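Novice:
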Amino acid sequence: MIPKTVSELQYQIAQTRISPASYSIGEFGDDRSCIVQAPDGDWETFNGERGKKLDLRRWDDEGDACVFFVGTLWAQTMQLLHKDNL
Numbered sequence: 040m041i042p043k044t045v046s047e048l049q050y051q052i053a054q055t056r057i058s059p060a061s062y063s064i065g066e067f068g069d070d071r072s073c074i075v076q077a078p079d080g081d082w083e084t085f086n087g088e089r090g091k092k093l094d095l096r097r098w099d100d101e102g103d104a105c106v107f108f109v110g111t112l113w114a115q116t117m118q119l120l121h122k123d124n125l
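Sequential numbering of the sequence shown, starting at 40, is according to this note's numbering.
1. Buried or exposed, going by whether 16 or more other CB atoms sit within 10 Å of the CB of L129?
2. Let me know if W82 comes out buried or exposed under the rule of 16 or more other beta-carbons within 10 Å of its beta-carbon.
3. Judging by CA-CA distance, which residue of P78, D79, V109 is the nearest neighbour of I41?
4. Evaluate T44 with the Cβ neighbour count: other Cβ atoms within 10 Å of its Cβ, from every protein chain shown; 16 or more gives buried, anything less gives exposed.
5. What's the C-alpha gap between Y62 and G68?
6. Going by the CB atoms, is the gap between T84 and W72 shorter than 9 Å?
7. Excluding the five sequence neighbours on either side, which residues of its own chain have a C-beta within less than 6 Å of the C-beta of R97, listed in chain order?
8. Three-state secondary structure (DSSP) at S63?
9. Tell me which residue opens and which closes the alpha helix (DSSP H) that I52 is part of.
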């Protein structure tokens, strides 16, 4: 099921084995993939690192931001699995 809201996203990710230490929903997190709502109401996805928002993308649609965020987590998970199998 494709999440259309951050609450759906949070629930769906919780059902996986993705470590909660690798992502942050609703607030900035260092060394994590993040999705937060900006003060202007748009949504931001980024990688938090040393207090900075790297690879920042902005979305005016919550569902689009959620889909992108899922893709980001999926790609990171696949990279980790690939490294473990080398």
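Each residue gets a CB set at the ideal place from its N, CA and C atoms; glycine is no exception. Given the structure is predicted, the values throughout are model-derived calculations rather than measurements.
Specialist: Walking through what the data contain:
1. Here the chain covers residues 40 to 125 and nothing more, so residue 129 does not appear.
2. Around the beta carbon of W82, 16 or more other beta carbons sit within 10 angstroms, so the residue counts as buried.
3. Ranked by Cα distance from I41, the first of P78, D79, V109 is V109.
4. With fewer than 16 neighbouring CB atoms inside 10 Å of its own CB, T44 falls in the exposed class.
5. Straight-line measurement puts the Cα of G68 at about 7 Å from the Cα of Y62.
6. A small correction: the amino acid at residue 72 is Ser; Trp does not occupy that position in the sequence shown. Yes; because the gap between Cβ atoms is below 9 Å, this pair is in contact.
7. Beyond the five residues adjoining it in sequence on each side, R97 comes within less than 6 Å, by CB distance, of D81, E83 in the same chain, given in chain order.
8. Assignment of S63 by DSSP, reduced to helix, strand and coil, places it in the strand class.
9. From DSSP, the alpha helix (DSSP H) with I52 extends over 45-53.
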